[in-house]
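All remarks here apply to the structure that follows.
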């Protein structure tokens, strides 16, 4: 028992002392300050550890509301997310123009940058994850060095229209940019400049994708058109589809020859680009999809729409596999890590992370610096490494601790069980002590971080 008083384990009615964590020069340490002890949200996450994903306990919609509404990742609504090719980092951008970099699989906040050039509309990593490209609603695209979060250059400034979409070629040499007015730009990474641009009749591209050899660019627009352009000339080669219906979301299946798109009225179409034909169509009644992501192996795709429900579908036939989660708010952004193990989604100012393919909630990454001090839950003290000032934060029960923190759980009133190095802490005051690998079945036992 690290630095806490001996307990009378025979006293069933004993109330445990609760200690906070304090970050100093030697890392996260136990503080003698009392925690706020509440019967807060999501004790179901108490035994969840990232290293034990198969044993995670899914939470209910009510618990999710309590937990992630206060587990803020941003001060403003999140408007863009992207994952790097090695599945070791992801970024999130918001309405204020702030970008944040998060590490995987520990979900720690690594760095941030306030660009302040309008709402972040699109983000993309280069192939080796050293550079981040960020597009805003003021028509600018910035090249940012990830290590220092310094803006190296503004590669595009076109104030006529917001940036709507970006795509990078498989070899990393070319980046396609588009805006809401239907203008296409081609940026050459090696040359460090825009080498081609084209005014199209499309508006608001929902998805773009390069062919494997980077010689063609496929586009899918909100106005219902699928087109193919040559690279690097941006010459129109083919118009595969011209619909009189709105396409709300789209995803290219690995292999670059198939596309799934969703329609405003509900439903999906699986389309073959080489054959210019529909392979199958599936219904999704009453749910207009605004986010669609396919798995890296192409076997399934996940959607989110107006029903505020994450749904998993089979790519082979368009059949619904399962409904992962229903939430009280919209989940407008989705991204699957290239290794296929995680789904990252957003709601408002929060980030939700799910394990795949089981679809279980495992994390709500949090930025401690923006957590309100009066939130009733676990209290954490953090030392500002620049000013030396100690700042007190409170996290909702079950929320992830900051990177580097350790939660040690102890039962009071019975046998002792200890859970070391878990990424979540809970403050449930009247349940049995239950940790992965250790379970105490006596009633009225307490456990707490110490």
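In this note's numbering, the protein residues as written are 15 to 464. Virtual Cβ for every residue (Gly too), placed ideally from N, Cα, C.
**Distance cut-off 7 Å: residue 380 Cβ against heavy atoms of the ligand SAH** = The ligand SAH is absent from the structure shown, which contains no ligands of any kind.
**Message:** Taking contact to mean 3 or more Cβ pairs, one atom from each stretch, closer than 8 Å, check whether the region 308-322 and the region 252-259 are in contact.
**Reply:** no
**Item:** Buried/exposed call for residue 239, threshold 16 Cβ in 10 Å
**Value:** buried
**Limits of the beta strand (DSSP E) - the one that residue 137 falls within** = 134-139
**Meets three-Cβ-pair contact criterion under 8 Å: the region 286-297 and the region 340-355** = no
**Request:** For residue 226, I'd like the list of residues in its chain whose CB is within less than 7 Å of its CB, leaving aside the five on either flank, ordered along the chain.
**Result:** 184, 270
**Asked** Is DSSP giving residue 382 helix, strand or coil here?
**Response** helix
**Exposure of residue 128, with buried meaning 16 or more beta-carbon neighbours within 10 Å** = exposed
**Request:** In angstroms with no decimal places, state the Cα-to-Cα distance between residue 117 and residue 101.
**Result:** 9 Å
**Request:** Give the range of the beta strand (DSSP E) segment to which residue 103 is assigned.
**Result:** 103-108
**Asked** Tell me which same chain residues have a C-beta within less than 7 Å of the C-beta of residue 154, skipping the five on either side of it?
**Response** 131, 168, 170, 171
**Asked** Start and end of the beta strand (DSSP E) containing residue 259?
**Response** Counting along the chain, residue 259 falls outside any beta strand (DSSP E), and DSSP gives it neither H nor E.
**Message:** Is it buried or exposed, residue 174, if we count other Cβ atoms within 10 angstroms and call 16 or more buried?
**Reply:** exposed
**Message:** Bridge partners for residue 277 per DSSP, in chain order?
**Reply:** 261
**Request:** Quick one: give me the first and last residue of the beta strand (DSSP E) that residue 221 is part of.
**Result:** 219-224
**Prompt:** Count the other CB atoms within 10 Å of the CB of residue 151; is the residue buried (16 or more) or exposed (fewer)?
**Reply:** buried
**Asked** Mind pulling the alpha helix (DSSP H) runs of 4 or more residues that sit fully within the region 312-348?
**Response** none
**Prompt:** Are the beta-carbon atoms of residue 145 and residue 159 separated by less than 8 Å?
**Reply:** yes
**Message:** Assuming contact is defined by CB atoms lying nearer than 8 Å, are residue 216 and residue 237 in contact in what I supplied?
**Reply:** yes
**Request:** Evaluate residue 384 with the Cβ neighbour count: other Cβ atoms within 10 Å of its Cβ, from every protein chain shown; 16 or more gives buried, anything less gives exposed.
**Result:** exposed
**Three-state class that DSSP yields for residue 149 in the structure shown** = strand
**Prompt:** Would you say the region 244-251 touches the region 278-297, given that touching needs at least three Cβ pairs under 8 Å?
**Reply:** no
**Item:** Secondary structure of residue 240, DSSP reduced to three states
**Value:** strand
**Request:** Starting from residue 189, follow the beta strand (DSSP E) in both directions and report where the run begins and ends.
**Result:** 188-193
**Residue burial classification, residue 178 (beta-carbon count within 10 angstroms, cutoff 16)** = buried
**Request:** Label residue 263 either buried or exposed according to how many other C-beta atoms from any shown protein chain fall within 10 Å of its C-beta, with 16 as the threshold for buried.
**Result:** buried
**Request:** For residue 231, I'd like the list of residues in its chain whose CB is within less than 6 Å of its CB, leaving aside the five on either flank, ordered along the chain.
**Result:** 190, 224, 243, 245
**Asked** In chain order, what residues of the same chain have a beta carbon less than 6 Å from the beta carbon of residue 213, not counting five sequence neighbours either side?
**Response** 197
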